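Chains A and B, in that order, are what the protein sequence lines are.
Using my numbering, read the first sequence as starting at 1 and increasing by one per residue.
Using my numbering, read the second sequence as starting at 1001 and increasing by one per residue.
For reference, the structure is listed below as structure tokens.
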Amino acid sequence: MNLPVRPFVMAVLSVLMPCTAGAVQSVAEGDESDVAIDLDGYGFDDTATFESEVVSQKLPVTAGETQVTSKQIARRMPLCTDEALTLSSGITVVQHGAEGKGHQLFLRGFDAAHGSDVEVTLDGVSLNEPSNIHGSGYLDLYGIIPETIRKMTVHKGPFLPEQGNFATGGTVAFELGIPEAYANGLLRTEVDTFGRTRVVGVATRDGDASRFAAVDGVVDPGFGPDRDAVRTSALAKYSIPVKSAVRFETLALGQLADFSSPGTMALQDVDDGKKGFYDTYSTRGHGAMRRALLQSSIKGDRALTDWGWQLYGIRRSFRLEDNYTGHLLYPAEGDLRRQQHDAFTVGSQVHMTHRAKTSQPFSVSVGGGWRSDRIAQAEHQINARGRIWQTSLSATATLHHLYALTGLAWSPFSWMTLQPSVRIDGALYEVRDGLADQHGTQRFLNLSPRIATAFPVLEKLQLFVAFGKGFRLPEARPILNARDPEDVNLSRYSGGTAAVSGGYASEAGVQWQPADGLKLKLAGYLTIMQKEMVFDHVSGTNLEKNRSRRAGSELEIAFDPSAWLSTAVDATVVWARFVESGNPIPGVPLFLVNMRTHIGKPRGPHGGFDVRVVGPRSLPHGASTNGYVWGIIRSGWRFERFDVTALAENIFFQRIMAGAYHFASQFDDAESALPKIHYAAARPFTVRLALTIFL
Amino acid sequence: MKLLNNVGLGVTLMACLMAACEPTGDEPEAVTLNVVSRGSQLVAVENAEGWQVTLDRFDVCVANLEFTQEGEAHASLLKRISDFLIPEAMAHPGHLAGGDVTGTLNGQWLISFLDAEQRLGDATLLEGDYNGVNLSYCVADATVGVTADNPVYGHHAYFSGVAQKGAATIQFTVQIDIVDTPKLWGGVFEMNVMSATTVTLALRPLTVDPFEGDTFFDGLDFGALDNDGDGVVAISAGIPAHNILMKTLMSHDHWSVVATNAQATGKAGI
């Protein structure tokens, strides 16, 4: 089917992505309906066509492992990758800024804030930013264009050797590649009732899922004041065979965003009628970020040995101005604060897995890596005109992180697979405080033993037991401020103690497939953290707290009775408490329930809905907030070469406090300086129209 | 009919969901407690230099009391022991040193601690387990009812008394002018405040640090300060003795708040 828009689309893509113009042209000249996908090196059938699911669904290694396929993501049509995260069970994401600022993540009872307890990797490269001024482990996933995700694997808990820094709650691994549904690329435009407009273009070379370029851009006036944002991302990946069973792969990513920072709103002001639910205090908050990432790797996949070597570099700049407290801290000047963080990262890692020729399946894996983050950060108090009147932090640091790991995968019996592993991490920090003219260095060492066991006792019944240690390397700041006197104003907070923190996690679970198309999974887990890390949005830093304990269970039911109907329900309950006091860990929902249904074939009408029920949340000082129900419904028609879909979000017309906090603020002189509930509002009822043209 | 029933059930369920999910929250209960000043702990002391010091006047201009909870930054027993050996930061950032501010009493007062108890007002505290108190120092002037003929006028604090060592007797006066941030963080306030708590809180300066035993006047050799030998010493800004006393006045170990008629408290004050 030749559409008249095709030349226009190609011209646009040629302008947007000159490096792929040739690729677009070659696709245009190729077979439109039956292009084979070259999957050499991925271990898949290289004759796979568009109508088959590309990503294999291998058996999970642990009970907490969830694989989200590109097909599931494509059905959901997320506007950003953080939204795709919610396709996994047990994950809640909250945006308390505007598009461009990292989301707040909740996983297995962790308020990972901006990433302090969830490791996220992109084609093997960790995206967590150690010692970011806005929270160690800060994550920004806006650079990943959802249409380019081939597979998202969520490993809850730290049970596998490759799970590194910040994986205390778990790891989310993104693999990039173009899904079969639009293997030649696409052009998509989305507009919603608040004027938010997104354009995305994806082009592949010869329909090869691993050779593509993509670009997206969002202009968002915001659903309320101070929520406007502009952002764009560009991604390109190229993979070629260099010799038999060896591939070279390179990935480039660039992104930028400028966004307002609405801050939070005191619930009392809304209840008193002083403010509307979606209002802000007009604090002139603003943020900007830039990031470039380049990764190259070479991978070998022979009969008995897989190996890979990766080299990467990341350049990142982040600037945020926000004011959560009015003029509580500085009555005369106001509490508007600017945080600046610039980082340059280089790293390299290797891995090898060798399978032995024995009667019992046996393989050994080894790996190692080095990463160096050179950072410069500053924090200023600024006035309404943006002029700095006080500097509370100005520092540079170089953080070296080395690791080595080894593990086995051994099946001594047909009904048992053991995966013991050990990982050792070392770090060397060099920090210079520009204000105090101090300099310090410190070394850290951490050993993480882990084991994951699976018992495929029956063909359709597997049991899992796992145990492991997760860890966080410390922030750079405490190295120079390890002993703050207790009777001074710690406006220059030390960021906790200069030591590795972490904890032990265990889980047990069962997966049962009683019939074709029906899968049930039940897991229970217990995690004990030596030190809790809670992100404080007032100060913009991670606060170190006492020991904590989380116990919970997860239930997943997936029912795919036919090719045109799939439905899934998952429920997570968590009991997250501080050990000494028995008080709940702030912000963590007591339960989370997701229901997802999709109806439709690859062509023709399609639709579905997602409903999320988030339980009540405890807050500091004994406060609490209720839960909420959120839903999205979509309906569309997929034609041969294009698709039209309408989506309605927040279909229950709820006024949702997506993020809830308890702290003091003073935007009005007469206001009490005692803590009160503040919230970050979720998007109100919104209708979005998406038009997709498949190339 | 069945279809109608199902639709009705769905509508009802939806309405319940929507009603149940309106944004609401539960705040901890706010408790109002009377606050007074008390000078009972301004006892005569012998400082490290051997001077027996007795105060006869101790006036401080105080503003804005803040009551704080350490929350989950409490140390475990093991950690308390290790902190005793190797102290480390247990504080929050910004104004929250020593804990989250969850109780306040705003105002400015010139408090003559050695006079009769003075009512400062009603503090509002959220229910919780308290561990500290912050206060600000103000300059004594007409806003707190001080006239220019008062020796504390224009200063943050004024005290006077007698220091004796052997046969030597020194009459001293002190005018304190605080430089930088005139605020005290982390004064002693250990109390479990519940909705039923009805105590009166007393703000007390302490001449003896209850934890380390040092005194308010350690580091002062009154004899050496009496350059002209007339037995009278006036300490004011610009001399090292003033800075010693200024720092001591701002030391958290020399201030406490206690419950005076405990009826529902979980802990005794110090």
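Here a beta-carbon is modelled for each residue, glycine too, at the ideal position from N, C-alpha and C.
A quick note: this is a predicted structure, and the numbers were derived from the prediction, not measured.
### Task
Would you please state the rounded distance, in angstroms, between the beta carbons of D301 (chain A) and A245 (chain A)? I believe it to be under 8 Å.
5 Å
### Task
Flag this pair as touching only if the segment 331 to 340 of chain A and the segment 371 to 387 of chain A have three or more C-beta atom pairs under 8 Å; answer yes or no.
yes
### Task
Closer than 9 Å by beta-carbon distance: list the chain A residues that pair up with L1135 (chain B), in chain order.
The contacting residues do not exist; L1135 (chain B) stays about 12 Å from chain A at best.
### Task
Could you confirm whether any beta carbon from chain A is found closer than 8 Å to the beta carbon of Q1164 (chain B)?
no
### Query
Taking Cβ to Cβ, would you say L473 (chain A) is nearer than 8 Å to N128 (chain A)?
no
### Message
If you follow the beta strand (DSSP E) that V246 (chain A) is in, where does it begin and where does it stop?
### Response
V246 to S260
### Task
Could you tell me the distance, in whole angstroms, from the CA atom of L695 (chain A) to the CA atom of G636 (chain A)?
In a straight line, the C-alpha of L695 (chain A) is about 19 Å away from that of G636 (chain A).
### Task
Determine the DSSP secondary structure at S581 (chain A), reduced to helix, strand or coil.
coil
#### Entry: Anticipated Cβ contact below 8 Å, A523 (chain A) with G509 (chain A), distance rounded
Confirmed, Cβ separation roughly 3 Å.
### Task
Starting from the Cα of N1131 (chain B), find the closest Cα among B:K1165, B:T1104 and B:V1188 and give me that residue.
B:V1188
### Message
I want to see whether chain B comes within less than 8 Å of A551 (chain A), judged by CB atoms only; does it?
### Response
no
### Query
Does the Cβ of I1086 (chain B) have 16 or more other Cβ atoms within 10 Å, making it buried, or fewer, making it exposed?
Residue confidence is low: I1086 (chain B) scores 30 on pLDDT, short of 50, so the model does not pin down where it sits. Its coordinate-derived value is still stated next. Flag for I1086 (chain B) reads exposed.
### Query
Checking contacts by CB at 8 Å: is P675 (chain A) closer than that to chain B?
Interface residue, yes.
#### Entry: Buried or exposed (CB count within 10 angstroms, at least 16 for buried), I73 (chain A)
buried
### Task
Could you please give the first and the last residue of the uninterrupted alpha helix (DSSP H) stretch that includes S70 (chain A)?
S70 to R76
### Task
Could you work out which residues of chain B lie near Y679 (chain A), taking near to mean beta carbons separated by less than 9 Å?
P1023 and G1025
### Residues of the segment 570 to 591 of chain A with Cβ closer than 7 Å to any Cβ of chain B, in chain order
F578, E580, S581 and N583
### Message
Within a Cβ cutoff of 6 Å, which residues of the same chain sit near A682 (chain A), ignoring the five residues on either side of it in sequence?
### Response
Within its own chain, the residues whose Cβ lies closer than 6 Å to the Cβ of A682 (chain A), once the five positions on either side in sequence are excluded, are I656 and A658, listed in chain order.
### Query
Does the segment 228 to 239 of chain A come within contact of the segment 248 to 263 of chain A, defined as at least 3 CB pairs closer than 8 Å?
yes
### Message
Here's a check: name, in chain order, each residue in its chain whose Cβ is nearer than 7 Å to the Cβ of D269 (chain A), leaving out the five neighbours to either side.
### Response
K275
### Query
What's the gap between the Cα of Y238 (chain A) and the Cα of R211 (chain A)?
Those two C-alpha atoms are separated by around 4 Å.
### Query
Using a C-beta to C-beta distance shorter than 9 Å, which residues of chain A count as neighbours of T1124 (chain B)?
Result: S672 and L674.
#### Entry: Contacts of L267 (chain A) in chain B (Cβ-Cβ under 7 Å)
P1023 and G1025
### Task
With a threshold of 16 other CB atoms inside 10 Å of the CB of S665 (chain A), please say whether the residue is buried or exposed.
Classification of S665 (chain A): buried, given that the 10 Å Cβ count is 16 or more.
### Query
Does N626 (chain A) have its Cβ less than 8 Å from a Cβ in chain B?
yes
### Task
For the segment 568 to 580 of chain A and the segment 551 to 560 of chain A, state whether three or more C-beta atom pairs, one from each stretch, are separated by less than 8 Å.
Yes: the two stretches touch, three or more of their Cβ pairs being nearer than 8 Å.
### Message
Going by DSSP, what residue range makes up the alpha helix (DSSP H) through F642 (chain A)?
### Response
Annotation for F642 (chain A): no alpha helix (DSSP H) segment contains it, though the beta strand (DSSP E) segment containing it runs F642 to E649.
### Message
With a threshold of 8 Å between beta carbons, is P1028 (chain B) in contact with chain A?
### Response
For P1028 (chain B), the closest Cβ of chain A is nearer than 8 Å.
### Message
Cutting at 6 Å between CB atoms, please list the residues of its own chain near H1074 (chain B), excluding the five before and the five after it.
### Response
Its pLDDT being 46, under 50, H1074 (chain B) is placed unreliably by the model, and nothing is read from it.
### Query
In the segment 1208 to 1263 of chain B, which residue ranges form an unbroken alpha helix (DSSP H) of at least 4 residues, counting only runs that do not cross its ends?
1222 to 1225 and 1240 to 1249
### Members of the segment 605 to 626 of chain A near chain B, C-beta cut-off 8 Å
L619, P620, H621, G622, A623, S624, T625 and N626
#### Entry: Interface residues of the segment 653 to 670 of chain A facing chain B [CB-CB below 9 Å]
F653, Q654, R655, I656, M657, A660, H662, F663 and A664
### Residue-level contact to chain B via CB, E486 (chain A), 8 Å cutoff
The pLDDT assigned to E486 (chain A) is 43, lower than 50, so where the model puts this residue is not dependable, and the model offers no usable value.
### Message
Am I right that L1220 (chain B) and N1047 (chain B) are in contact with their C-beta atoms under 8 Å? What's the rounded C-beta distance?
### Response
6 Å
#### Entry: Closest Cα partner of E532 (chain A) within the set A:L176, A:P586 and A:V366
A:P586
### Query
By Cβ distance below 6 Å, which residues in the same chain neighbour H439 (chain A) in space, the five residues on each side in sequence not counted?
R432
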